[in-house]
Amino acid sequence: MAQFTKGGQLGWFHDEKHSGGFFHTYDALQVRAEDKPRKVHIFLPRDYETSQEHYPVVYMNDGDTAFFPDGAVGKSWDMANVLSNLYQNNQIRKLIVVAVHPLNRDREYTHAPVWQRECCGVDGYSSYLVNAVKPFVDANYRTLREAQNTMTLGSSHGGLAAFCLGMWHPNQFGLVGALSPSFWVGLDSMPGLSFMSSLRSSKLLNLARPTLQSPEKRLKIYLDWGLIRTGGEHNSFIEERATARGREMRDLLQKDFGYRLNDDLYVVEDPAGDHTEESWQRRIPNVIKIFFGH
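One gets our numbering by counting positions in the sequence shown from 1 and adding 3 to each.
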């Protein structure tokens, strides 16, 4: 690995021999003094250093599982190979992917309480991305900065955070990919007390409504969930709630806010899907093709 400095931040160049690109990794990115340092991977197209092209950007939550099995479950989405395969088949435009490690995902990715866990820090996290990470990336890399070329992406709580980022900051993030999103947070967090109130009247919808009601802020949204319920609590509890609230969100977006399927709203129910990195890795090529396909 080779060390370098960009924008006052120490980074490492490392090439894992993926045909689709190479990495700049910042082990302790700290753009503003008030922010805690955190690890950020940036995956750049293979010809980035010889091209003059500007690229769309995907900002991934749970950056510790985007490329490498560094997260709690020891698995990853293997995004470098996913992108390499899509490039080889000429299925998508070339992208920059910015994978941001969480410091405390329960807190950073939620807007409402979850039983016996820290919560409610997604406002601060979204502000951090908008006011620190994105300006750093735009200043130091050749990006297409417009909202229509900028995606926020995640799964589970990270999918909830991706939805919130788009809704809170539609002028920065115009594309949302929320896989198995935790729209149930704040509504169905305790066994036996689920599905007693509607998503329509939830804190999440109240916070999102100004963006959803504004035609000029219209986002493109991808939602999905899996239908497997065996194999443990992640499927029997979490993915069940992701499915129920995801279907409710799908219907609300169409009925209340005029979204149209396969136009500005894309929804996938995966019969073989569960609440795992393997399922999200299998579905992510379709997500990328929807938003960045040729």
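Ideal Cβ placement from N, Cα and C applies to all residues, glycine included.
- For M252 against L210, the beta-carbon gap comes to about 13 Å, at or over 8 Å, which does not count as contact.
- Around the Cβ of P173, a 10 Å sphere holds 16 or more other Cβ atoms; the residue is buried.
- By the C-beta criterion, the region 215-229 is judged to be in contact with the region 174-194, since at least 3 inter-stretch pairs fall below 8 Å.
- For P48, the CB contacts under 6 Å within the same chain, skipping 5 residues up- and downstream, are G24, K97 in chain order.
- DSSP, read as helix, strand or coil, puts I224 in strand.
- Taking the Cα of L32 as reference, the smallest distance to any Cα among Y131, C167, R221, Y90 is reached at Y131.
- Runs of the alpha helix (DSSP H) lying entirely within the region 150-177, each at least 4 residues long, are 160-171 in chain order.
- Considered as a whole, the region 236-262 harbours 243-258 as its complete alpha helix (DSSP H) runs of no fewer than 4 residues, in chain order.
- With respect to V101, V34 sits apart: the two C-beta atoms are not nearer than 9 Å.
- Residue Y29 holds the alpha-carbon nearest to the alpha-carbon of G14 among L106, Y29, L268, A275.
- Assignment of P288 by DSSP, reduced to helix, strand and coil, places it in the helix class.
- Close CB contacts of L268 within its chain, under the 6 Å cut and outside five residues either way in sequence, are with I224, L256, Y262 (chain order).
- Boundaries for G74: no beta strand (DSSP E) harbours it, and the DSSP string shows neither H nor E there.
- Ranked by Cα distance from G161, the first of R108, V133, I45 is R108.
- Selection D141, W80, K258 evaluated against R203 yields K258 as nearest (Cα-Cα).
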